[in-house]
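Offset between the sequence shown (1-based) and our numbering: plus 813. Note that the Cβ used here is the ideal one computed from N, Cα and C, for glycine as well. This report concerns only the one structure given below.
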Amino acid sequence: SVQAGGSGSFTSLVTLSLSALPAGISATFSPSNLVAPGASAFVNLVIANTVAPGSYDVTVTGEAQVDGRTLTRTAAFTLEVLQPDTPAITGRVLTAEAVPKPIPGVTITLGSAFTLTDAGGNFVLQAPPPGPNMLLVDGRTASTPTAQYPPVEVQINVASSGPTRVPFVLYLPVLDTAHPVTLPLDAGGFTTTEVQATTPLIPGLVVTIPAGTKITGPDGNPVSQITITPVPVDRTPMPFPPGVSPPMLFTIQPGGAVPSQPLPITFPNVQQDAPSTQVNLWFFDLAAGNWQTWGTGTVSADGTQIVSDPGYGLPRFAWHFSAADRSLSDYVRSRHARVNEPVDLPTGRFIVEKTDLVLPGRLPIEIRRTYRSENPFPGLLGIGWTLDRYESRIFQSGSQLLLRLPDLSRYPFTEQTPGQWTNREEPFLRGAVLTPLPGDFRWQLRFKDGTVHRFERLLGFAGEAALAAITDRTGDTVTISRVMQPFQNHKITQLTEPTGRSLTLTYGPQDRLASVSDPLGRTVQYTYDGAGRLETVTDPAGGVTRYAYDASHRIVSITDPRGIPFITNEYDPLTGRVVRQTQADGGVWQFAYTLSGSFVTETTVTDPRGNPTTYRFSAEGFTLSTADALGQTTVNEYAPGSNLLAATTDPLGRTTRFGYDAQGNVTTVTDPAGRVRSFTYEPVFNLLSSVTDPFGQVTQFAYDVQGNLTFITDPLGKVTTLTYSAFGQPLTTTDPLGNTTTVTYDSHGNLATVADPLGNTTTFQYDAISRLVRQLDPRGRATAFTYDGLNRLTQITDALGGVTGFSYDPNGNLLTVTDARGNATTHTYDLMDQLLTRTGPLGAGESFGYDLAGNLTQRTDRKGQVSVFTYDALNRLTASSYADGASTSVAYDAAGRLVRVDDSIGGTLTNSYDVLDRLLAQSTPLGTVSYQYDALGRRTRLEVPGVALTTYSYDANSRLTQILRDTQVVTLQYDDAGRRTRL
């Protein structure tokens, strides 16, 4: 591998290349030939059989821009090509980090043959004994004071002639030596008391070592200290057994140590299996070199743990996991890592989310439908579709309760205290509490912000309740009306918002949704094919969207209201994952998946320009890292047990860390420079109560009993006051000087008037579905607005009666704008709804061209002058050329910051930045301008060639109070409302 480095503020990408290679040898860099500082790339060599054995010198050249200059550095290595029939074992050993790195110095042993891994983590073990054997990969010899690696043995069948490749990468984790477990031993090496071995890195994992247990290490001596280390499930020293998909893996070291009696163990129920479910318990048998089951465990009554069954216990220290006989895809939820029309990357699902109607108000309601390609169940909208948000359910599952959302994902709730059920694993459910209501299987789910979902039992279904109402913290309620008949699908007939307005739903054959209407009479209509699948949706303006499916009910194409098939899907016939999407313009997106057992650990997405991005996921589907088309990797870390984002590290290695309270509220944000911004919250609605900046300056927020913000106190102690209606609508805002702005609302909660502190009043009027139709300014001048069936503005009539008109195509693209004098500007669009031409009232037009990624590549102005634009693999503008012959080119560093602009007329401009992305210096042919900042990012210093130093001062509210240049001083003062009063 090749690693890029630099000193000082070096942040540029390094471009790698290789010297000329002999015929028959080809090479590539992975993940890219562009390397960020501190990162590395692998050199992958392919050697043809025709290459003569011997030594070949290879030179790697790195090129980068530094302070406007192009610098090159080289590194050399020697390639040894062996005779084709030379017996050897080859392989690679890497770290188990999010961005794997080579581990040099690992000892590889088989029989009497041994070797060490090289700087790239590669090894070639010559003259190994042929046949089935145990290969020892001893990471201990590569350990350093800050990183200790374990040993592992794997089975391998060595060919008698020629090379034998270890068919997988050997990943070794850095052992967690920060949380060792020390065992109290007597003189004979037996534990004197029971020990509960745990680690904060895996909450819920407990290894019980009874008193009187002796643990004998591989060296034959008693073990007095052990470590427990979590291991990424896609970074293991050896592959998992076929068909087994463990959600979690850990190693107990020293590996191979044997206890004198089996050790009971408790696993966290990461896979969220139901109570009483029996699961298999596995370990990697170092003696046999393969995975073995050593017993079974059962999910506890509260669903939080898996407890080894009586008679079973840990037989030896090794690599361990538990796994039920089901696919992880049964419980992996969408984590919003989505691309294009969207594909859910942790699962490969195709997802459609469309909003058909919205009724605004104090608590809006909407008809939002969702399709997921893996959903085989018929619903109100046919197979695979659900009515989002309103089709949630509560189920009884043993002693647990399950919340099932419309996307079919299930979240278990456990009774932590009597009468209160909670879920601690899902970030969006932190602080949510499920409690019973009087009656038969009635429930209330209160979220931490005070929003309450009420569930009512479905007639004919024991232990099942459906969402019946949503109430916000001020008491506004959306009511969900259903047909409540025993053993029916309890279809929704009406959604009613707090002021009594409703969306009405009607049904056709097989109780499928046929139409939805709002109070204005706008209607969305739905039709179905012979298999019961949603086929067409007709919007209130008459536009029709069509869906086509394959035999497995997966959407293969969608045709938009313009009649354009804008997306076509291809699926893997075995797994059902999306592998290819074709756009209307012929652009193709490709999806490749890396599996661990049956779940996706990595997805590589290649865009229509051929640029790949690789996403890596945890067992729960959270995005662990993203490597872009230039090989730059961003890494995310999550808090054990809660899955809250704990840290994110960018391609330059800069880390931002997040701290949380028990309810999942962010309490601290620590930037890469170590500066901390802290937050506190009030306990009832978890609303922000204070913000403390890195200087210790505090802004405070106070609330009334309904959670309405009533006071804001700035760092100078100045107070802004707010009052509210009974429905939580702001009525008055009074600044620190006592100036008050007053607002009122109509009966549907729409803003009706705004009166400023001088009494000037603006009035607003709305139609039956809360669209603004008339506005009167403080002088009584009226402006009127009209709309089409899709809420698109079609006319604006000003106070003088002048009318400006707008027209649209069926996809909502703006076609014409006609001003009050009748002058029209027209627009046309390509198959991707991208603006193609714009023609003004005098007939002069401009046109636009795009690449397959939607980047603007050419613009022809009204004079016929052509400008051309090019982009890099991350779709960033890199060069522009213009009709007059002028051109510019730009370059970015590994953090995506603009570092260089070459202008054919103005010369070269270069930028440098600090660790927080603030501009430190900008150099042009006229000289260099330098900047400095304080901990809040405020500019404190400016240096310009030939000009005296300029400094800046601020008050606690970050208002500029002084500018000092040489002996010249400018002072600024403000009133309590923040208005400048003196200069």
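Q: Starting from proline 945, follow the beta strand (DSSP E) in both directions and report where the run begins and ends.
A: 944-951 is the span of the beta strand (DSSP E), which, as asked, contains proline 945.
Q. Whose C-beta lies closer than 7 Å to the C-beta of glycine 818 among residues of the same chain, with five residues either side of it excluded?
A. The residues are Pro850, Gly851.
Q | Backbone CA spacing between serine 814 and threonine 1160 [nearest angstrom] | A | Roughly 31 Å separates the two Cα atoms.
Q. What does a CB cutoff of less than 8 Å around isoleucine 1164 pick up in its chain, not counting 5 residues either side in sequence?
A. For isoleucine 1164, where only same-chain residues beyond five positions count, the Cβ hits under 8 Å are Ser1147, Arg1151, Pro1155, Val1156, Asp1157, Thr1183, Tyr1184, Arg1185, Ser1186.
Q: Determine the direct distance from the alpha carbon of glycine 1562 to that of valine 1783, and round the result to whole angstroms.
A: If you draw a straight line from the Cα of valine 1783 to the Cα of glycine 1562, it comes to about 48 Å.
Q. For the segment 878-944, which segments carrying the beta strand (DSSP E) assignment without a break, of at least 3 residues, lie completely within its bounds, in sequence order?
A. Within the segment 878-944, the complete beta strand (DSSP E) runs of at least 3 residues fall at 882-894, 901-908, 920-923, 926-929, 935-939.
Q. By DSSP, does leucine 1333 sit in helix, in strand, or in coil?
A. Three-state DSSP puts leucine 1333 in coil, outside helix and strand.
(Q) I'd like to know whether the C-beta atoms of threonine 1006 and isoleucine 902 end up nearer to each other than 8 Å. (A) Taking 8 Å as the Cβ cut-off, threonine 1006 and isoleucine 902 do not qualify as a contacting pair.
Q. Given that a residue counts as buried once 16 or more other Cβ atoms are within 10 Å of its Cβ, and exposed if not, what is leucine 1018?
A. Leucine 1018 is buried by the Cβ-count criterion.
Q | glycine 1541 classed as buried or exposed, judged by whether at least 16 other C-beta atoms fall within 10 angstroms | A | Glycine 1541 comes out buried.
Q.
At the level of alpha carbons, what is the spacing between glutamine 1786 and glutamine 1745?
A. Their Cα atoms are separated by approximately 23 Å.
Q | 6 Å Cβ shell around threonine 1599 - same chain, five flanking residues per side excluded | A | The residues are Thr1607, Gln1608.
Q) For the putative contact between tyrosine 1451 and alanine 1459, defined by C-beta atoms under 8 Å, what is the C-beta separation to the nearest angstrom? A) So it is a contact: roughly 6 Å between Cβ atoms.
Q: Indicate whether the contact test is met: 3 or more Cβ pairs, each with one atom in the segment 1416-1432 and one in the segment 1198-1213, closer than 8 Å.
A: Counting Cβ pairs under 8 Å, fewer than three are found: no touch.
Q. Do you know how far the Cα of serine 1583 is from the Cα of arginine 1259?
A. The straight-line gap from Cα to Cα measures roughly 29 Å.
(Q) Do threonine 1026 and phenylalanine 1003 count as a contact pair if the criterion is CB distance below 8 Å? (A) Against a cut-off of 8 Å, the Cβ pair of threonine 1026 and phenylalanine 1003 comes out as a contact.
Q. So, are the CB atoms of glutamine 1753 and threonine 1764 less than 8 Å apart?
A. What sits at residue 1753 in the sequence shown is threonine, not glutamine. The answer is yes: Cβ separation under 8 Å.
Q) By how many angstroms is the C-alpha of valine 1556 removed from the C-alpha of arginine 1592? A) One C-alpha to the other measures close to 17 Å.
Q: Please classify phenylalanine 1241: does DSSP put it in a helix, a strand, or coil?
A: DSSP places phenylalanine 1241 in the helix class (H, G or I) of the three-state scheme.
Q | Option in Ser1330, Glu1204, Ser830 with minimal Cα separation from glutamate 1269 | A | Nearest of Ser1330, Glu1204, Ser830 to glutamate 1269, Cα basis: Glu1204.
(Q) Quick check on this structure: which residue in Gln1445, Leu1777, Asn1724, Tyr1695 has the alpha carbon closest to the alpha carbon of asparagine 846? (A) For asparagine 846, the nearest C-alpha among the options comes from Gln1445.
Q.
Quick test of your reading: isoleucine 1180 and glycine 1345, contact by CB under 8 Å. State the CB separation rounded to the nearest angstrom.
A. Isoleucine 1180 to glycine 1345, Cβ: 20 Å. No contact.
Q. Taking C-alpha atoms, which residue in Val971, Thr1670, Pro1374, Asn1624 lies nearest to tyrosine 1684?
A. The residue among Val971, Thr1670, Pro1374, Asn1624 with its C-alpha nearest the C-alpha of tyrosine 1684 is Thr1670.
Q. How many Å lie between valine 1835 and valine 1742 at the Cα?
A. Residue 1835 lies beyond the range of the chain shown here (814 to 1796); nothing can be said about it.
Q: Could you spell out where the beta strand (DSSP E) holding arginine 1778 opens and where it closes?
A: Looking at the DSSP string, the run of the beta strand (DSSP E) that includes arginine 1778 is 1773-1778.
Q. Under the rule that 16 or more other beta-carbon atoms within 10 Å means buried, what is threonine 1049, buried or exposed?
A. By the neighbour-count rule (16 or more Cβ atoms within 10 Å), threonine 1049 is buried.
Q | Which listed residue (Val1083, Asp1548, Asn1499, Leu1308) has its alpha carbon closest to that of leucine 1176 | A | Nearest C-alpha to leucine 1176: Leu1308.
Q | Pick from Pro1353, Leu1387, Gln1396, Thr1388 that is closest to threonine 1372, judged by C-alpha positions | A | Here the closest residue by C-alpha is Gln1396.
(Q) With a threshold of 7 Å on Cβ separation, who are the neighbours of glycine 867 within its own chain once the five nearest residues in sequence on each side are excluded? (A) Result list for glycine 867: Val894, in chain order.
Q. Since arginine 1217 sits in a beta bridge, which residues does DSSP pair it with?
A. The partner list for arginine 1217 (beta bridge, DSSP) reads Arg1206, Arg1223.
Q. For leucine 957, which three-state DSSP category applies?
A. Checking the sequence shown, residue 957 turns out to be threonine, not leucine. Here threonine 957 sits in strand by DSSP.
Q: Assuming glycine 1033 contacts phenylalanine 1130 (C-beta within less than 8 Å), just tell me the rounded distance between them.
A: That pair is no contact at about 15 Å.
Q) Bridge partners of valine 864, per DSSP? A) Bridge partners of valine 864: none, in fact.
Q: Would you mind reading off the limits of the beta strand (DSSP E) that contains glutamate 1756?
A: Per DSSP, glutamate 1756 is one residue of the beta strand (DSSP E) stretching across 1752-1756.
Q: Run the CB neighbour count on glutamate 1166, radius 10 Å, all protein chains shown included, and call it buried at 16 or more, exposed below.
A: Per the 10 Å Cβ criterion, exposed.
Q) Does DSSP put aspartate 1385 in a helix, in a strand, or in coil? A) The DSSP-derived three-state label of aspartate 1385 is coil.
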